[in-house]
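> Using the working numbering, you'd call the opening residue of the sequence shown number 62 and step up by one each time.
Backbone N, C-alpha and C define an ideal beta-carbon position, used for all residues, glycine too.
Values in this document were obtained by computation on a predicted structure and should not be read as measured data.
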Amino acid sequence: MADYTSPFKTGIDFLDRLGVYEVLLPFLLIFTLVYAILEKSRAFGVENGQPKKNLNSMFAFVTAFLVVASSRLVAAINESIANMTILMLLGICFLLLAGVFHTGDKEMELGKAYKGIFMAIMFIGIVLIFLHAIKTNDGTPWLYYGWFFLVRNIDSGWVGAIILTLLVVGLMAYITGKPGGSGGEKKEG
62 MADYTSPFKT GIDFLDRLGV YEVLLPFLLI FTLVYAILEK SRAFGVENGQ
112 PKKNLNSMFA FVTAFLVVAS SRLVAAINES IANMTILMLL GICFLLLAGV
162 FHTGDKEMEL GKAYKGIFMA IMFIGIVLIF LHAIKTNDGT PWLYYGWFFL
212 VRNIDSGWVG AIILTLLVVG LMAYITGKPG GSGGEKKEG
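See the structure below:
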């Protein structure tokens, strides 16, 4: 029996040989993100109440071309996007499983604390994904260097001071972020 290759697989291989995944898609991604940020922030100013679209588009165009010119940046972007998709799927699967236990009487809503915790977990996941995607000249991810550096120096005083400072700042943010009456506020009545 002859080996059968799917037409879809052949089409994907053709697009890969054409450079769609290595050039076109990263270019479109960077161009879109930079252009959207410039339009929203109005970094180059406004003209007749509208953002300067010609400057925004030219800057986004040049930035996207410079990113695509670096094969290491394109490889990091491709790896990061793929891994962030997995992280997104994990979040969606968690929400689906949480929805199994929902009665359906009213809209399911996570509390503010839970949203903050999930956002922090996702942010940490994204930072770790990017640190793993950025590689040195010998191909070792930055995440490995950071992890081995932390493991080698975990018993030093300055690492303990940094961890303690982060814990104190987190505790202060938690305490001051809670709504409610406290000293200094006068009740009317």
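(1) Label G250 either buried or exposed according to how many other C-beta atoms from any shown protein chain fall within 10 Å of its C-beta, with 16 as the threshold for buried.
(2) Verify whether the separation of the beta carbon atoms of M145 and I187 is less than 8 Å.
(3) Starting from G152, follow the alpha helix (DSSP H) in both directions and report where the run begins and ends.
(4) When we look at the beta-carbon of F184 and count the other beta-carbons within 10 Å, is it buried (16 or more) or exposed?
(5) In chain order, which continuous runs of the beta strand (DSSP E) of length 3 or greater are located wholly inside the segment 194-237?
(6) What is the DSSP secondary structure of E168, reduced to helix, strand or coil?
(7) Which one or two residues does DSSP pair with E108 in a beta bridge?
(8) For the segment 141-156 and the segment 188-205, state whether three or more C-beta atom pairs, one from each stretch, are separated by less than 8 Å.
(9) When you compare the CB positions of I195 and W203, do they come within less than 8 Å of one another, or not?
(10) Is it true that the CB of F92 sits closer than 8 Å to the CB of F69?
(11) Please determine, among L127, V84 and A181, the residue with the shortest C-alpha to C-alpha distance to G152.
(12) Go ahead and label Y96 buried or exposed: buried means 16 or more other beta carbons lie within 10 angstroms of its beta carbon, across all protein chains shown.
(13) Rounded to whole angstroms, what's the CA-CA distance from T237 to F162? Just pull it up for me.
Straight from the coordinates:
(1) With a pLDDT of only 49 at G250, under 50, the local geometry of the prediction cannot be trusted, and no value is derived from it.
(2) Yes, Cβ-Cβ distance for M145 and I187 is below 8 Å.
(3) According to the DSSP assignment, G152 belongs to the alpha helix (DSSP H) that extends over S132 to V161.
(4) Exposed: under 16 other Cβ atoms inside 10 Å.
(5) Taking only runs of at least 3 residues, no beta strand (DSSP E) segment lies wholly in the segment 194-237.
(6) It is coil, neither helix nor strand.
(7) Per DSSP, the beta bridge partners of E108 are Q111.
(8) Yes, the segment 141-156 is in contact with the segment 188-205.
(9) When the beta-carbon positions are compared, I195 and W203 come within less than 8 Å of each other.
(10) No, these two residues do not count as a Cβ contact at 8 Å.
(11) Among L127, V84 and A181, the Cα nearest to that of G152 belongs to A181.
(12) It is buried - the Cβ of Y96 has at least 16 other Cβ atoms within 10 Å.
(13) The alpha-carbon atoms of T237 and F162 are separated by roughly 33 Å.
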